[in-house]
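Everything below concerns the one structure shown next.
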């Protein structure tokens with residue numbers, strides 16, 4: 001049988017169904033009765049048909065006509081196949097179908113569901129500017145050559161699970177419009193280059209456990225909802241360029257395979273990543289988040305991105321501080337400073353006005369000294385249980401160090417904060433000297449007395465006593481250290 005006669009019989013069969021009009025009982029697929037579709041018998045049923053010749057169905061369809069529900073399951077197309085500009089009005093199935101030559105679906109419209117499950121595409125497949133208005137599935141399909149989805153539109157749920165792309169794949173400017181569920185590439189294997197430039201994912205994307213053997217490009221891609229690459233493996237780089245990554249999930253992701261260029265994370269400085277913002281829902285621990293930020297910082301440093309290095313350094317320290325804070329209860333730094341200030345004020349009163357505390361006052365002073373320790377003693381058992389596998393001394397040091405470091409300079413990333421505290425430390429001796437006179441010359445020359453507590457300024461008092469030298473040493477040390485931190489934070493700010 002020649003090509004013209006064979007194709008004519010195919011066209012005639014389809015035309016008869018079109019002319020007969022709709023038949024809902026015959027055309028519908030009853031999934032409940034036959035989940036494997038083996039007994040589904042639509043009026044256009046080409047199950048198992050071998051198409052030995054080139055067939056161009058767009059030449060057959062008259063303007064305004066649409067394909068009825070049609071079944072090409074287990075069919076074999078040996079020649080070139082073109083469904084260009086064809087409108088598939090009903091459910092369409094190409095399951096376990098083999099395309100041995102070029103398959104063209106450009107500008108086609110699938111009004112209802114379409115499936116290409118477990119199919120084999122041996123040559124190029126063109127889905128450029130194709131509209132998928134129903135659910136779409138390419139489950140476990142294998143594409144041997146290039147496959148093009150440029151400017152395709154997917155209105156409902158889409159699955160590319162376990163699909164094998166043996167050649168380059170192009171999703172340039174494609175749009176996945178379904179907002180209620182992410183497009184799924186779970187277990188998909190990309191053997192060659194994959195391009196998602198200007199691709200829009202309204203419902204997010206699931207690349208969990210995917211395998212990228214070559215570069216994957218996500219230039220100007222849009223992820224409007226949660227997107228995950230958890231468990232994905234990449235032998236080459238996954239490039240994110242000019243992408244808003246506020247919805248990208250990093251837990252269980254091989255972050256080292258990513259490269260970020262000119263990406264935005266949030267309008268806020270030191271903003272949280274998606275995992276931290278949804279920490280309760282994702283059950284992501286503070287330790288895991290600290291590790292994620294540490295790895296992101298490493299990538300930013302290797303890319304010479306000083307601004308993001310600063311960003312991730314701050315978030316990493318915040319997570320580490322939260323970890324040690326949760327290990328045991330410790331008074332916050334402001335509370336500790338208030339206790340110290342009260343004790344110091346009491347002491348200044350006693351030395352300034354020849355105040356001799358009574359037995360009760362002495363008892364109260366000792367009680368004040370114990371106040372910062374009481375919460376620690378109460379929570380000691382909880383601390384011991386939570387840190388039984390850690391070095392306790394190290395946790396205590398980290399607790400104090402991180403809280404102080406955060407308070408005085410924002411981990412070396414906030415010069416304004418460090419500068420304000422430096423200014424406060426400088427004017428503090430002037431305020432104290434004016435109120436209490438803590439130098440030998442008393443209130444006669446309080447400015448000179450306050451200057452005595454400044455670093456790099458030499459003022460001699462012959463009548464100075466031990467505690468005054470102690471206060472001078474503390475003041476000089478604190479101001480010097482804070483000035484160094486201010487310079488460090490300012491340097492980081494200017495460099496980044």
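Residue numbers (the UniProt record's numbering): 1 to 496.
Don't be surprised by glycine CBs; every beta carbon is placed ideally from N, CA and C.
Spatial distance of residue 4 from residue 244 (CA atoms): 53 angstroms
Does residue 390 come out as helix, strand or coil in the three-state DSSP assignment? Any reading at residue 390 must be qualified, since the residue scores a pLDDT of 44, below 50, and its modelled position is unreliable; the value itself is stated next. Coil, per DSSP.
If we ignore side chains and look at the alpha-carbon of each, how far apart do residue 230 and residue 208 end up? 5 angstroms
Beta-bridge pairing of residue 109 - partner residues as DSSP gives them: 87 and 131
According to the Cβ coordinates, are residue 218 and residue 196 closer than 7 angstroms? yes
Can you list, in chain order, the residues of its chain whose CB lies under 6 angstroms from that of residue 105, leaving out five sequence neighbours each side? 83, 127 and 130
Three-state class that DSSP yields for residue 310 in the structure shown: helix
DSSP-derived helix/strand/coil call for residue 488: helix
Taking residue 213 as the reference, which of 154, 193 and 221 has the closest Cα? 193
Quick one: give me the first and last residue of the beta strand (DSSP E) that residue 261 is part of. 258 to 261
May I have the straight-line CA-CA distance separating residue 469 from residue 253, to the nearest angstrom? 56 angstroms
Between the alpha carbons of residue 68 and residue 122, how many angstroms are there, rounded? 27 angstroms
Roughly how many angstroms separate the alpha carbons of residue 494 and residue 114, rounded to a whole number? 56 angstroms
Local conformation of residue 505 per DSSP, three classes: With the chain running from 1 to 496 in the structure shown, residue 505 is simply not present.
Which residues in the same chain as residue 393 place their Cβ atom closer than 8 angstroms to its Cβ, once the five residues preceding and following it in sequence are excluded? Note that residue 393 has pLDDT 44, beneath the 50 cutoff, so the model's placement of it is unreliable and the number below is only indicative. Result list for residue 393: empty, nothing under 8 angstroms.
Please tell me whether residue 418 and residue 489 are closer than 7 angstroms, where the distance is taken between their beta carbons. yes
Reference residue 145; option with closest CA among 120, 411, 152 and 97: 120
Cα-Cα, which of 153, 409 and 269 is closest to residue 172? 153
For residue 97, which of 135, 133 and 142 has the nearest alpha-carbon? 142
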